[in-house]
Amino acid sequence: MLLLIAATTAGGGFFYYKNLESGLRRADMFGGARDGRPARGADGAQNILLLGNDSRDSDDPNHTPEPGDSHTDTIVLMHIDAGNKKAYLISVPRDLYVYVPRSPAHPEFGDTSAKINAAFAWGGVPLAVQAVEDYSGVRIDHVVMVDFEGFKKVTDVLGGVDLENDQEFTSINEPKFRHFKKGLIHLDGAAALDYVRQRQQFADGDFTRMRHQQMYLRALLDKATTTDTLANPRRLNAFLRSVTKTLTVDHDFSLTGAALRLRNLRGTDLTFLVSPNLGPAMVGEESVMMPDKARARALFEAVAKDRVGEWLIRDAASDRSGEDAPDAEADPDASVDPDGSVDPDAWAAGTDYE
4 MLLLIAATTA GGGFFYYKNL ESGLRRADMF GGARDGRPAR GADGAQNILL LGNDSRDSDD
64 PNHTPEPGDS HTDTIVLMHI DAGNKKAYLI SVPRDLYVYV PRSPAHPEFG DTSAKINAAF
124 AWGGVPLAVQ AVEDYSGVRI DHVVMVDFEG FKKVTDVLGG VDLENDQEFT SINEPKFRHF
184 KKGLIHLDGA AALDYVRQRQ QFADGDFTRM RHQQMYLRAL LDKATTTDTL ANPRRLNAFL
244 RSVTKTLTVD HDFSLTGAAL RLRNLRGTDL TFLVSPNLGP AMVGEESVMM PDKARARALF
304 EAVAKDRVGE WLIRDAASDR SGEDAPDAEA DPDASVDPDG SVDPDAWAAG TDYE
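Per the working numbering, the sequence shown starts with residue 4, numbered consecutively.
Encoded structure:
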């Protein structure tokens, strides 16, 4: 996931990125104009939606999956501050229970409460974008979809990555059932792909997977920006070209522009977050992740105002005091509803999920 950052921070000149840009796949990520989109965010800041697709059946970026045949395995809202000094990556749990709008591609689906990753299954990338915007109240400027299979080549081009694994576990995937020890481990491409996909054997499931994806990204960034990579034109070129082959972007996305914005970022300039939630709950017979309405509202208002750093300080203070931190300059009448206006009647009648 998030190979875009690694590509744009590894180096390269203007004309080189223009050349790389010609190799990017592009698709209509927004589905045309629609009413009711959130207002544009703070001047100079940018919000990019990063999607990782777990479908391995189609190479067509314009493909709208049949309902149920594919989900977004990873959903990350990346906020780049106006000064281009910080990037905040907010992972949205795939099971987060939100309102999913009606699907233009399949009108019989949507307009109901569901796991947020159902949006992609029902209406492709455009419906996923709409669901995230409706959930967060944040306007998406660009969309980048990442092919998980690209992990292998990107990692191998760099000679693998090293990271400090937080727990010992064994992969549930065939054919190798890899064992990952606790502590410093080295991952080649196939092992890295396996590592970031694991979730079912962990008590907190998707949270561990998101954490491992974040750990992998930091390790990839560190390796991509070492002298060994930057001073080796052949390796650098192979790395950048392998990254661009994993990406599908919207028609207005500029790789050159992203490179200019992100060129000075390193792993220490990235802050990883998880969209505020109350943990798992049952809706009917389905296990979902319930959003934390108050904290989500405060976080996404901070994203829209380019004040995420301030929110982090307030939220940490709230954790220490055990009280809800005040929402600085929050509009009590704001229409943003981070829980997606959850409608319990869309699921089992009478289910008390709050």
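The beta-carbon is built from N, C-alpha and C at its ideal position, and this holds for glycine as well.
Since this is a predicted model, take the numbers as computed values, not measurements.
Pairwise C-alpha distance: residue j and residue i
i, j, result
"L233", "P283", "44 angstroms"
"E313", "L243", "34 angstroms"
"N22", "R29", "15 angstroms"
"H145", "N50", "7 angstroms"
"A301", "T211", "24 angstroms"
"Y19", "V246", "14 angstroms"
"S290", "N120", "14 angstroms"
"F151", "S116", "27 angstroms"
"R298", "R238", "43 angstroms"
"K89", "K296", "25 angstroms"
"P110", "G126", "9 angstroms"
"L223", "Q216", "10 angstroms"
"D207", "E304", "27 angstroms"
"M218", "I188", "12 angstroms"
"R220", "A195", "It is worth fixing the name first, because residue 220 is Leu in this sequence and not Arg. Approximately 10 angstroms between the Cα atoms of the pair."
"D38", "L130", "14 angstroms"
"A262", "G287", "46 angstroms"
"R200", "N168", "14 angstroms"
"F183", "N240", "30 angstroms"
"S257", "N235", "25 angstroms"
"K118", "N56", "15 angstroms"
Best match in the options for proximity to residue i [C-alpha to C-alpha]
i, options, result
"D191", "A108, K21, A262, G163", "G163"
"F205", "F172, A193, D272, R181", "F172"
"A193", "V157, L52, D207", "V157"
"D165", "T229, A261, I83", "T229"
"D272", "M81, F33, P41", "M81"
"K179", "Y198, S106, E167, K185", "Y198"
"N267", "I143, A45, I83", "I83"
"I93", "L258, R214, D46", "R214"
"G34", "I143, E24, S321, D46", "I143"
"A48", "N87, M32, A320, G26", "N87"
Within 8 angstroms, strictly: CB atoms of residue i and residue j
i, j, result
"L161", "K226", "yes"
"D231", "A85", "no"
"Y138", "L276", "no"
"P279", "V101", "no"
"F123", "T75", "yes"
"V141", "L54", "no"
"V147", "V252", "yes"
"L250", "V149", "yes"
"R40", "E136", "yes"
"Q133", "I175", "no"
Beta-bridge partners of residue i, as assigned by DSSP
i, result
"A1", "Nothing about residue 1 can be read from this structure; the chain reaches only from 4 to 357."
"P118", "The displayed chain sequence assigns Lys, not Pro, to residue 118. Paired residues: Y100."
"G282", "M293"
"H145", "I51"
"V164", "L190"
"S94", "V79, V277"
"H182", "T173"
"L250", "V149"
"R1", "Residue 1 is absent from the structure shown; the chain starts at 4 and stops at 357."
"N56", "T75, D150"
Proximity test, residue i beta-carbon vs the ligand MG heavy atom, cut-off 7 angstroms
i, result
"A85", "As presented, the structure is devoid of all ligands, the ligand MG included, so that no description of it is given."
For this session: Scan the stretch 208 to 250 and note each continuous alpha helix (DSSP H) run of 4 residues or more that stays entirely inside, going in chain order.
Result: 209 to 227, 230 to 233, 236 to 247
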